[in-house]
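Colleague: Sequence order for the protein chains is A and B.
For the first sequence, my numbering assigns the number 1 to the initial residue and increments by one for each residue that follows.
For the second sequence, my numbering assigns the number 1 to the initial residue and increments by one for each residue that follows.
Yeah, the Cβ is synthetic: ideal placement off N, Cα and C, and Gly gets one too.
Just so it is clear, the structure is predicted and the values come from calculations on it, not from any experiment.
Sending over a structure as structure tokens; questions will come in a sec.
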Amino acid sequence: KQEVTQIPAALSVPEGENLVLNCSFTDSAIYNLQWFRQDPGKGLTSLLLIQSSQREQTSGRLNASLDKSSGRSTLYIAASQPGDSATYLCAAHSGGGADGLTFGKGTHLIIQP
Amino acid sequence: DTGVSQDPRHKITKRGQNVTFRCDPISEHNRLYWYRQTLGQGPEFLTYFQNEAQLEKSRLLSDRFSAERPKGSFSTLEIQRTEQGDSAMYLCAGGSKGEQFFGPGTRLTVL
């Protein structure tokens, strides 16, 4: 059974800092890994999708990496802004892409102005 | 905006009542997923459709829960005889090539 862990659970940093959010998963036989953002009381916004054959994906100030052999992914946020404040969720997609996503509990990020 | 809509956005009901939620993905989404999220937790997978066929159900989906996708377009999730433990955010996601796009969710409160 896939298990996903995210560290840290919460993070508060001053505006402008670069930061790294960590995600680990127990079963390396994943189809892909997806990073989401969730604002309070809202649904999930997809940030980046990394296929199992890829090592990293970039979108603007965001960069996500994937190391299947070690069961780890990281989300790098450059030049953080107060608008980046949200909960960031990592989700592993197993079973040939047909099974549902397995989520971590998220990292609650606060960017101080 | 992912194009996935859910209705209602909020539902308050009394214990023992039945409730039904609706999810409308975009037409390109041949796959449709339901998840449940409680406070401070990540979403948990409930069930999955490919077109109109329900292909997988989580053990979280007790006999009181039923989901349908009759024409491979919209989907409904019904909870019968609601319990206070059913209070949660119910999220729907559509997808076609592995990536999943979530709707805004339906927040259920069972009194």
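Would you mind reading off the limits of the beta strand (DSSP E) that contains arginine 9 of chain B?
Modeller: Counting from 1 along the second sequence, the entry for residue 9 of chain B is found at position 9. Taken as a continuous stretch (DSSP letters only), arginine 9 of chain B belongs to no beta strand (DSSP E), as it is neither H nor E.
Colleague: With a floor of 3 residues, list each beta strand (DSSP E) that falls wholly inside the region 41–73 of chain B, ordered by position along the chain.
Modeller: 44–50, 53–57, 65–68
Colleague: Out of curiosity, what's the CA-to-CA distance linking glutamine 100 of chain B and leucine 44 of chain A?
Modeller: As a first step, residue 100 of chain B is located in the second sequence; it is residue number 100 there, counting from the start. As a first step, residue 44 of chain A is located in the first sequence; it is residue number 44 there, counting from the start. If you take the alpha carbons of glutamine 100 of chain B and leucine 44 of chain A, they lie about 10 Å apart.
Colleague: Do alanine 92 of chain A and serine 25 of chain A count as a contact pair if the criterion is CB distance below 7 Å?
Modeller: Numbered from its first residue, the first sequence carries residue 25 of chain A at position 25. Numbered from its first residue, the first sequence carries residue 92 of chain A at position 92. The sequence given here places phenylalanine at residue 25 of chain A; serine does not occur at that position. Yes, the pair counts as a contact, with Cβ atoms nearer than the cut-off.
Colleague: In chain order, which beta strand (DSSP E) runs of at least 3 residues are fully inside the region 28–83 of chain A?
Modeller: Here the runs fully enclosed are 30–38, 44–51, 56–59, 62–67, 72–77.
Colleague: Any contact between the region 18–37 of chain B and the region 87–102 of chain B? By contact I mean 3 or more CB pairs, one from each, below 8 Å.
Modeller: yes
Colleague: Evaluate contact between the region 54–70 of chain A and the region 11–18 of chain B, counting only Cβ atoms and requiring at least three cross-stretch pairs below 8 Å.
Modeller: no
Colleague: Could you check whether the Cβ of glycine 104 of chain A sits closer than 7 Å to any Cβ belonging to chain B?
Modeller: Within the first sequence, residue 104 of chain A is the residue found at index 104, counting from 1. Closer than 7 Å: yes.
Colleague: Can you give me the C-alpha to C-alpha distance between serine 70 of chain A and proline 43 of chain B, rounded to a whole angstrom?
Modeller: As a position in the first sequence, residue 70 of chain A is number 70, starting the count at 1. As a position in the second sequence, residue 43 of chain B is number 43, starting the count at 1. If I take the Cα positions, the gap works out to 24 Å.
Colleague: I need the straight-line Cα distance from arginine 72 of chain A to cysteine 23 of chain A, nearest angstrom please.
Modeller: The count along the first sequence starts at 1 and reaches residue 72 of chain A at position 72. The count along the first sequence starts at 1 and reaches residue 23 of chain A at position 23. Rounded to whole angstroms, arginine 72 of chain A to cysteine 23 of chain A spans 6 Å at the Cα level.
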